Amino acid sequence: MLDQIRGSEVGMNSSKSVELVKMTTDKRRFQVLVLMIILTLVLSLVSLCLGRYSLSLEDIIRILFSPIFPIERTWTDIMENVVLKVRLPRMIAALLVGAALSLSGATYQGIFKNPLVSPDLLGVSSGSCVGAALAILMGLGDIGIQLFALAFGLVAVFIATAIPKMMRNSSSLMLVLSGVIVSGFMISTIGLLKYIADPETQLAAITYWQLGSISSVKAEDVIAVFPAMFVAMIILIVIRWRINIISLGENEASLLGTNIKTIRGCAIICSTVLTGCAVCISGTVGWVGLIIPHMCRMIVGPDNSKVMPISVFVGASFMLVVDTLARTVTAAEVPLSVITGFIGAPLFAWLLFKQRMKLR
Amino acid sequence: MNVLMKVKNAGFSYLDGHEVFGNVNFTIEEGQIFSIIGPNGAGKSTLLNCITNLLQLNTGEIFIDGKLIKELDRKTIAKNIGYVPQTHNATYGYSVRDFVVMGRAPHISIYRMPSNEDFVKTDAAIESMGIAHLADRPYTDISGGERQQAMIARAIVQEPKIIIMDEPTSALDFGNQLKTIRMIKDLSKRGFAIIMTTHNPDHAIMLEDTVGILDRSGHLTVGPSKDTITEEMLSLVYKTDVKIEHVEKVGRNVCIAKL
């Protein structure tokens, strides 16, 4: 229906109709974005209610607003602790991890013009995990862990993109294989580090990173990585239209007046910062960075200037649902990668079928 | 006439020392159509890559608007030269409008998105290529000829002085080839200078302007197509006995060859 309207307007062929078309598409894009923001907020509130200690929506809202507004105290200290100290940091961590992995996945898929890559498939996640594990072994603090996670993530992405260059083969398949090589190597390295690690203290910490979980996340951990994540997200959102141009290929982007090295470098660093920070909070979580960008493309079309902002909120919502399931379905915590795998793998198969993707 | 591009003593060799072309000279003026013909592997595409500064010359110089091309940044080059590739392997099915608006890139600051004005220009270019009905269709779903029209529309919104086309007729059927030749003439009337490569000497004849014949030794013979495209020249370059006849029914010279 909308397409028909747009088509007839173009047929009218006046600059006025052009603006009309632009307005309807802009409006629709805006509506989808607002819808996703509302969905994220609603899911956040619902997630705060759920758990072994069940709380009503009214309690949640009262507790959340009590520091700002004078609200009569109708709740217990335990309730307040559960909401503010346990569930709230965890909720924010889940939102950030989901948003970061999805946005970096969308960016990698755009700049490498390959819909089959993601932070985990390129080996960036496991690279960051190696960095974090090394930092733990060396007894470094939060900042050391973050920097190591970032540095090793960058090394992983560098190797993953260098291998196809060395082979002089720029097909989608080569980059995916290269990612398999890098993540395989990184996973073995994690195994080695676990072998060396002190079983009393370090081993548990490293294993925790590797499985992917935010069950013991602390507010300080989230605050520590938030600034870097926020800046990286803003930069990527600002340059999002340029990702379209880069996705046309190196020569064409240059001929369209783009300084490809600067933009691609900037995009790679920002998405690797996002992945590294996400790994710092939650360890390696698979599938999110691959499937969320695909889902977003189904909703708003392939234009990255639309896909990237939407993927932030779809990714955040998805991760929140996954983490809420992780802590509520059974009495014990389920590792996040288990749930993302069970949801992600069939979903990706369905997306591939639906898009009938032509792979080269 | 205003000289837009000047190529002086240009030469290019690969790292192993094999020379692709040498001592190439030509100038491009406003509205001029310069067709480059020559056998496969003679280096036509390499020459195009050099005059867009994707590859750097070993000898000689290229001036854009009086300035050395190697000293210009990509944005400035893109404001002077638009490029229509031979084929385009699209990974993502951007809509034709989203694809064409990317031509505005050199005019849009790095931290901005295309404005309404950019979309007005985009839709005007799409309309002038006669593909307005495809504006919202995925770029991956349209035919080769339509895709080429979209790429030309993208070059138009780039608002360059010169449009370079790499074998614009090679992937098209007979009717679409002639349509493209007509459109190239229209573009030159609109003030764009055109540099194009082609495998068909007839196209250079039909365009009635300048031709450059690149032979296997890497020498470029430049001149008006009428005087330069001769039986001797083509026979030598294509290693085939080529005849040129004036055909009254079409009112022009045609190239034909015996098998």
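Residue numbers (the numbering used here), protein chains in the order written: chain A, 5 to 364; chain B, -6 to 252.
Where is the CB? At the ideal position from N, CA and C, for every residue including glycine.
These numbers were taken from a predicted model, which means no experiment stands behind them.
Item: Along chain A, which residues have their Cβ under 8 Å away from the Cβ of S88(B)?; Value: G305, D307
Item: Any Cβ of chain B within less than 7 Å of the Cβ of W245(A)?; Value: yes
Item: Give the straight-line distance between the Cα atoms of R77(A) and F189(A), rounded to the nearest whole angstrom.; Value: 55 Å
Item: How far does the alpha helix (DSSP H) with K427(A) in it extend, from its first residue to its last?; Value: The requested residue 427(A) is not part of the displayed model; chain A covers only 5 to 364.
Item: Could you check what DSSP says for M83(A) in three-state terms: helix, strand or coil?; Value: helix
Item: For C53(A), list the residues DSSP reports as bridge partners.; Value: Answer is none; C53(A) lacks a bridge partner.
Item: Taking P78(B) as the query, report the chain E residues whose CB atoms sit under 7 Å from its CB, ordered along the chain.; Value: Given the protein chain composition of this structure (A and B), no chain E is represented.
Item: Contact criterion: CB-CB distance below 7 Å. Does K358(A) meet it with respect to chain B?; Value: no
Item: Buried or exposed for E256(A), going by 16 or more other Cβ atoms inside 10 Å?; Value: buried
Item: Name the chain A residues whose beta carbon is nearer than 8 Å to that of Y104(B)?; Value: V242, I243
Item: Any C-beta of chain B within less than 9 Å: which residues of the segment 105 to 125 of chain A qualify?; Value: Q113, G114, K117, N118, P119
Item: Taking contact to mean 3 or more Cβ pairs, one atom from each stretch, closer than 8 Å, check whether the segment 114 to 130 of chain B and the segment 77 to 95 of chain B are in contact.; Value: yes
Item: Could you check whether the segment 134 to 144 of chain A touches the segment 195 to 214 of chain A, counting it as contact only if at least three pairs of C-beta atoms, one from each stretch, sit closer than 8 Å?; Value: yes
Item: Using a cut-off of 7 Å between C-beta atoms, extract the partners of T45(B) located in chain A.; Value: L259
Item: Go ahead and label F152(A) buried or exposed: buried means 16 or more other beta carbons lie within 10 angstroms of its beta carbon, across all protein chains shown.; Value: buried
Item: Report the neighbours of D91(B) on chain A: residues whose CB is nearer than 9 Å to its CB, in chain order.; Value: N248, G305, P306, D307, S309
Item: Give me the residue from N51(B), N193(B), I21(B) with the minimum Cα distance to D9(B).; Value: N51(B)
Item: Which first and last residues belong to the beta strand (DSSP E) in which I218(A) is found?; Value: Careful: I218(A) lies outside any beta strand (DSSP E) and carries neither H nor E.
Item: Classify Y76(B): buried if its beta carbon has 16 or more other beta carbons within 10 angstroms, exposed otherwise.; Value: buried
Item: Do you know how far the Cα of A110(A) is from the Cα of C53(A)?; Value: 31 Å
Item: Span of the beta strand (DSSP E) holding F92(B)?; Value: Counting along the chain, F92(B) falls outside any beta strand (DSSP E), though it belongs to the alpha helix (DSSP H) covering 89 to 94.
Item: What is the rounded straight-line gap between the Cα of A125(B) and the Cα of I145(B)?; Value: 13 Å
Item: Any idea which residues DSSP pairs C248(B) with across the strands?; Value: I237(B)
Item: May I ask which residues mark the beginning and end of the alpha helix (DSSP H) holding K219(B)?; Value: 218 to 221
Item: Excluding the 5 residues flanking V311(A) on each side, which residues of the same chain have their C-beta closer than 7 Å to its C-beta?; Value: A110, P297, C300, R301, V304
Item: Report the neighbours of S251(A) on chain B: residues whose CB is nearer than 8 Å to its CB, in chain order.; Value: T84, Y85
Item: Anyone know if the C-beta pair for T276(A) and L158(A) falls short of 7 Å?; Value: yes
Item: If you draw a straight line from the alpha carbon of D67(B) to that of N263(A), how long is it in whole angstroms?; Value: Going by the sequence as given, residue 67(B) is Arg instead of Asp. About 6 Å.
Item: Rounded to the nearest angstrom, what separates N73(B) and K63(B) at their Cα positions?; Value: 14 Å
Item: Can a CB atom of chain A be found closer than 7 Å to the CB of K68(B)?; Value: yes
Item: If we require 3 or more residues per run, which beta strand (DSSP E) segments fall completely within the segment 140 to 189 of chain B?; Value: 155 to 158
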